[in-house]
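Report on one structure; see the data block that follows.
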Ligand SMILES: [Zn+2]
Ligand SMILES: [Zn+2]
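Residue numbers (my numbering): 3 to 533.
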């Protein structure tokens with residue numbers, strides 16, 4: 003358990019209290035404590051030793067409750083509240099823009115699930131409710147549809163972590179199983195977990211313990227992280243065929259025709275006289291496309307592009323970030339703290355930039371041949387301009403431009419905004435282009451063909467942001483532009499640990515069919531930015 007887990011529990015408690023009609027002092031106390039824990043930077047044990055009440059925002063009563071939660075590993079009061087709110091009502095929290103009070107109002111009006119919310123909005127019943135209106139009904143309808151499509155999915159990173167634990171549990175019981183399905187394809191979000199093994203179903207079910215529910219036709223069904231879990235128990239002579247079947251998207255597998263029986267995947271594709279596509283290359287979008295000769299690998303990356311330091315909202319100093327990049331074997335890094343308008347993230351004033359550039363010069367002398375490039379993650383302002391005057395912009399080696407606000411502009415205005423940013427000669431990289439947060443927030447509406455077409459014409463780089471919550475640009479768009487656009491893989495790291503996220507970006511690049519030729523941070527620095 004971490005302080006962040008405790009923060010989440012308290013925030014959920016406050017939410018459910020409000021949904022159940024409580025308000026005022028007690029709810030506020032939970033919220034304040036949740037925020038204090040969320041912001042706390044140290045370790046849980048440190049805080050316990052000092053006493054929870056030593057943290058401003060946590061009162062005596064809650065401090066005792068927190069201590070109990072840590073000791074018992076659970077929170078009875080929260081469990082009790084969860085028991086009073088139907089699960090379908092709790093799911094309404096997944097709808098962007100709905101807080102506990104509006105959820106309470108909806109529940110009282112008979113809306114007790116996402117499906118029912120979509121139906122009510124479609125039938126115009128939400129607009130008629132006090133405090134809602136036509137405009138918020140439309141916004142709720144769109145957000146509810148999005149939530150409905152995503153609520154029973156998790157991020158790739160979450161799915162991989164849980165599956166790794168499960169696989170090691172199985173291995174501990176002497177069962178070798180192989181990851182299949184969308185996890186093996188490295189899809190950006192996961193709706194189920196599929197494994198293939200040659201072990202028997204009874205043995206597998208016993209090893210899965212509480213994760214197993216029933217055995218049907220040689221398949222053990224169960225659940226992992228709330229996702230449906232299936233373990234296909236197959237004969238050794240058909241392991242390859244069943245792995246191909248269980249890995250590919252349905253459309254892709256169907257495109258292969260009848261699968262011959264074989265013990266491994268290579269033999270299956272050899273018998274089909276088809277080139278064996280890597281697992282990531284088995285989506286519906288890949289049907290009919292030649293598998294690429296050479297896909298990007300993590301080892302191809304020479305530089306880290308897009309990272310934050312304690313100059314803005316990163317948690318480590320510039321020196322720590324640079325030394326970690328050297329230790330990880332990179333040749334260069336582009337530091338890209340936030341620009342001045344991003345005051346919520348400690349955006350840099352021109353005076354801050356002077357200090358940072360001086361430190362970069364000193365570190366470059368010390369760490370050579372490693373190179374730190376002077377970059378910035380500049381907000382793209384509402385009108386498409388960048389966040390500094392000309393004379394400041396011309397001082398950067400690399401300018402990343404990002405949308406961090408005004409996500410709801412009309413499609414035409416958003417398109418013009420992005421196009422204007424691209425036309426700016428100082429802009430090097432369009433970072434997390436759509437601003438989406440997977441499972442949370444849809445990307446902005448824009449004419450992406452116009453935007454990406456123009457980026458290709460101007461030779462601008464488009465980022466595949468590797469943060470597992472973003473993975474933006476979407477790989478499907480990148481796939482369409484794989485022969486024309488240049489890309490960068492950006493970890494968007496806020497600490498040295500964040501560098502490891504590049505692997506998610508590399509997986510998305512592979513799904514898009516990109517090789518090192520198309521990814522600027524796989525190039526030697528001179529090739530990208532000149533000598
Ligand atoms: Zn950003
Ligand atoms: Zn960033």
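Glycine included, each C-beta is placed from N, C-alpha and C at the ideal position.
- request: Hey, could you find the ends of the beta strand (DSSP E) residue 218 is sitting in?
  value: Against the chain shown, residue 218 aligns to sequence position 216. Here the beta strand (DSSP E) through residue 218 covers 214-218.
- prompt: With distances taken from CA atoms, which of 48, 213 and 373 is nearest residue 526?
  reply: Working through the chain shown from its first residue, we reach residue 526 at position 524. Answer by Cα proximity: 373.
- prompt: Per the contact definition of three or more C-beta pairs closer than 8 Å, is the stretch 495-511 in contact with the stretch 299-313?
  reply: yes
Enclosing beta strand (DSSP E) for residue 199 [first to last residue]: Mapped onto the chain shown, residue 199 falls at position 197. Note, residue 199: beta strand (DSSP E), 195-199.
- request: Compute every distance between the C-beta of residue 542 and the non-hydrogen atoms of ligand 1, then say whether any falls below 8 Å.
  value: No information on residue 542 is available, as it lies outside the stretch 3 to 533 that the chain covers here.
- request: Report buried or exposed for residue 73, applying the criterion of at least 16 other Cβ atoms within 10 angstroms of its Cβ.
  value: Translated into the one-based positions of the chain shown, residue 73 becomes position 71. By the neighbour-count rule (16 or more Cβ atoms within 10 Å), residue 73 is not buried but exposed.
- request: Could you tell me whether the stretch 336-350 touches the stretch 306-322, where touching means 3 or more Cβ pairs closer than 8 Å?
  value: yes
- request: Starting from the C-beta of residue 38, find all residues in its chain whose C-beta is less than 6 Å away, skip the five residues before and the five after it, and write them out in chain order.
  value: As a working note, residue 38 is residue 36 in the chain shown. Around residue 38: 57, 59 and 60.
- prompt: Any heavy atom of ligand 1 closer than 8 Å to the CB of residue 276?
  reply: Here the question's residue 276 lines up with position 274 in the chain shown. Within the chosen limit of 8 Å, ligand 1 does not reach the beta carbon of residue 276 with any heavy atom.
message: If we require 3 or more residues per run, which beta strand (DSSP E) segments fall completely within the stretch 224-273?
response: 229-235
task: Could you tell me which of 49, 83 and 87 sits nearest to residue 69, measuring between CA atoms?
output: Walking along the chain shown from the start, residue 69 turns up at place 67. Closest option to residue 69, Cα to Cα, is 49.
- prompt: Grouping DSSP H, G and I as helix and E and B as strand, with all else coil, what is residue 1?
  reply: What is shown of the chain runs 3 to 533, which leaves residue 1 out entirely.
query: Considering only the beta carbon of each residue, do residue 328 and residue 377 sit closer than 9 Å?
result: Translated into the one-based positions of the chain shown, residue 328 becomes position 326. Translated into the one-based positions of the chain shown, residue 377 becomes position 375. No, the Cβ-Cβ distance between residue 328 and residue 377 is not below 9 Å.
- prompt: How about the stretch 228-235 and the stretch 476-485: do they share at least three Cβ pairs that are nearer than 8 Å?
  reply: The stretch 228-235, when compared against the stretch 476-485, does not touch it at the 8 Å Cβ threshold.
task: Measure the alpha-carbon distance for residue 133 versus residue 409 and round it to whole angstroms.
output: Counted from its first residue, the chain shown places residue 133 at position 131. Counted from its first residue, the chain shown places residue 409 at position 407. Spanning the two alpha carbons is a distance of roughly 24 Å.
- request: At 3 residues or longer, and completely inside the stretch 68-108: list those beta strand (DSSP E) runs for me, N to C.
  value: Within the stretch 68-108, no complete beta strand (DSSP E) segment of 3 residues or longer occurs.
message: Pull the bridge partners of residue 192 from the DSSP assignment, please.
response: By one-based count along the chain shown, residue 192 stands at place 190. According to DSSP, which records beta bridges pairwise, residue 192 is partnered with 156.
task: Measure the beta-carbon distance from residue 469 to residue 503 and round it to whole angstroms, keeping in mind my assumption that it falls under 8 Å.
output: Your numbering for residue 469 matches position 467 in the chain shown. Your numbering for residue 503 matches position 501 in the chain shown. Between residue 503 and residue 469 the Cβ distance is about 6 Å, and since that is below 8 Å, they are a contact.
- prompt: Distance, Cα to Cα, residue 223 vs residue 215?
  reply: Taking the first residue of the chain shown as 1, we reach residue 223 at position 221. Taking the first residue of the chain shown as 1, we reach residue 215 at position 213. Roughly 6 Å separates the two Cα atoms.
- prompt: Given 8 Å as the limit, is there contact between the stretch 492-500 and the stretch 318-325, that is, 3 or more CB pairs closer than that?
  reply: yes
field: Every unbroken beta strand (DSSP E) inside the stretch 438-467 [3 residues or more]
entry: 463-467
message: If I follow the unbroken alpha helix (DSSP H) through residue 369, where does it start and stop?
response: Taking the first residue of the chain shown as 1, we reach residue 369 at position 367. Unbroken alpha helix (DSSP H) run through residue 369: 352-369.
query: Taking all protein chains shown into account, do 16 or more other C-beta atoms lie within 10 angstroms of the C-beta of residue 27, making it buried, or fewer, making it exposed?
result: Residue 27 sits at position 25 when you count from the first residue of the chain shown. By the neighbour-count rule (16 or more Cβ atoms within 10 Å), residue 27 is not buried but exposed.
task: Under 7 Å from any heavy atom of ligand 1, by CB: list those residues in chain order, please.
output: Per the Cβ criterion, the list is 379, 404, 406, 433, 434 and 494.
Alpha carbon of residue 440 to alpha carbon of residue 471, nearest angstrom: Numbered from 1 along the chain shown, position 438 holds the residue referred to as residue 440. Numbered from 1 along the chain shown, position 469 holds the residue referred to as residue 471. Looking at the two C-alpha atoms, the distance is approximately 5 Å.
- request: Just mark residue 281 as buried or exposed, buried being the case when its beta carbon has 16 or more other beta carbons within 10 Å.
  value: Position 279 of the chain shown, counting from 1, holds the residue named residue 281. Label assigned to residue 281: buried.
- prompt: Nearest CA to the CA of residue 126: which residue from 170, 217, 112 and 143?
  reply: The residue you call residue 126 lines up with position 124 of the chain shown. For residue 126, the nearest C-alpha among the options comes from 143.
task: Taking only the alpha-carbon atoms, compute the straight-line gap between residue 19 and residue 183 and give it to the nearest angstrom.
output: Position 17 of the chain shown, counting from 1, holds the residue named residue 19. Position 181 of the chain shown, counting from 1, holds the residue named residue 183. The C-alpha of residue 19 lies about 39 Å from the C-alpha of residue 183.
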